[in-house]
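*Asks:*
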Amino acid sequence: MGSNCVSLTDRDYMQKLQQRILIEYANSAEKRIRSREMNEMERVKNLVLTGKVPFANAPPEMYDHPVMVIERYCQKLIAERRAKIKVPKVNIPNHLYWDDTIDPPSGLSIENGHMFRDAADRICKPPDRFILVEDEEDVELGYMLTTADFETFRYEDPQIKELRECQNVEELYRLSDEVIGDLKTGDGRSEGETRGKLLSR
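For the record, in the sequence shown the residue sitting at position 74 is 74 according to full-length UniProt numbering, with numbers rising by one throughout.
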């Protein structure tokens with residue numbers, strides 16, 4: 001500008017000053033944008049190198065990076081080796097019997113007297129034939145007891161029978177005390193005393 005004095009009334013001077021201010025602002029904004037782009041590029045590069053971003057999503061700027069060059073070389077070797085792998089072809093026989101009996105590879109023909117199984121002739125017998133056996137047959141064979149014999153041989157204490165026939169709680173507690181006896185609690189009192197206090201409430 002050639003002078004330190006600011007002339008607000010000089011139109012040419014103010015236009016040049018405005019133009020210079022805009023240029024300085026554009027240059028500083030461009031520097032900030034370039035700096036942020038470089039920082040973002042370094043961040044993405046670190047993510048790719050640490051394995052958090054796959055190599056397929058790497059930015060084009062990393063094409064000549066040594067890690068990317070090695071990755072492309074390895075992928076090329078893997079593709080070549082996979083191309084050399086031969087998948088064995090499964091040999092499916094063309095002629096099968098209805099019961100999936102494979103034709104013998106020796107080429108022998110079936111004898112003239114060979115007969116296929118009849119559809120009604122089942123190889124496996126149904127399990128119900130052996131599992132579902134009537135109780136009467138077991139009783140006759142002596143494998144089971146009748147209900148009357150079972151009740152005769154089964155022993156049950158008369159007090160237990162009385163417990164089964166109890167109708168109220170007090171009678172149930174009384175008979176259970178006779179069968180089991182008073183149980184001592186942690187504070188030394190008997191179970192009957194504790195129950196009596198609870199029932200009195």
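For glycine and all other residues, C-beta sits at the position ideal for the given N, C-alpha and C.
When DSSP labels each residue in this structure, what does Tyr63 get in the three-state scheme?
*Replies:* Tyr63: coil per DSSP, three-state reduction.
*Asks:* Look up Glu165 in the DSSP assignment and say whether it is helix, strand or coil.
*Replies:* It is coil, neither helix nor strand.
*Asks:* Is the Cβ-Cβ distance between Val69 and Pro59 less than 8 Å?
*Replies:* Going by C-beta atoms, Val69 is not nearer than 8 Å to Pro59.
*Asks:* May I have the straight-line CA-CA distance separating Leu22 from Thr9, to the nearest angstrom?
*Replies:* Spanning the two alpha carbons is a distance of roughly 20 Å.
*Asks:* Among residues of its own chain, excluding the 5 on either side of Met14, which ones have a beta-carbon nearer than 6 Å to its beta-carbon?
*Replies:* Here the set comprises nothing.
*Asks:* Leu61 to Met38, Cα distance in whole Å?
*Replies:* Checking the sequence shown, residue 61 turns out to be Glu, not Leu. Taking the straight line joining both Cα atoms gives about 11 Å.
*Asks:* Cα separation between Val53 and Asn46?
*Replies:* Taking the straight line from one Cα to the other gives about 9 Å.
*Asks:* Around the C-beta of residue 246, are 16 or more other C-beta atoms found within 10 angstroms, so that it is buried, or is it exposed?
*Replies:* This structure cannot speak to residue 246, because the chain is shown only from 1 to 201.
*Asks:* Considering only residues of the same chain and omitting the five flanking positions on each side of Met41, which have a CB-CB separation below 8 Å?
*Replies:* Cβ within range, chain order: Pro59, Glu61.
*Asks:* Can you give me the C-alpha to C-alpha distance between Thr194 and Glu151, rounded to a whole angstrom?
*Replies:* The predicted model places Thr194 with a pLDDT of 49, which falls under 50 and marks its position as unreliable, so this point remains unresolved.
*Asks:* With a CB to CB cut of under 6 Å and the five nearest residues on each side skipped, what residues in its chain are close to Ala26?
*Replies:* Counting only Cβ-Cβ distances below 6 Å, and skipping sequence neighbours, we find nothing.
*Asks:* How is Ala56 classed by DSSP in three states: helix, strand or coil?
*Replies:* Correct three-state label for Ala56: helix.
*Asks:* How is Val87 classed by DSSP in three states: helix, strand or coil?
*Replies:* Residue state, collapsed to three classes: coil.
*Asks:* Can you tell me whether Arg154 is helix, strand or coil according to DSSP?
*Replies:* If DSSP states are grouped into helix, strand and coil, Arg154 belongs with coil.
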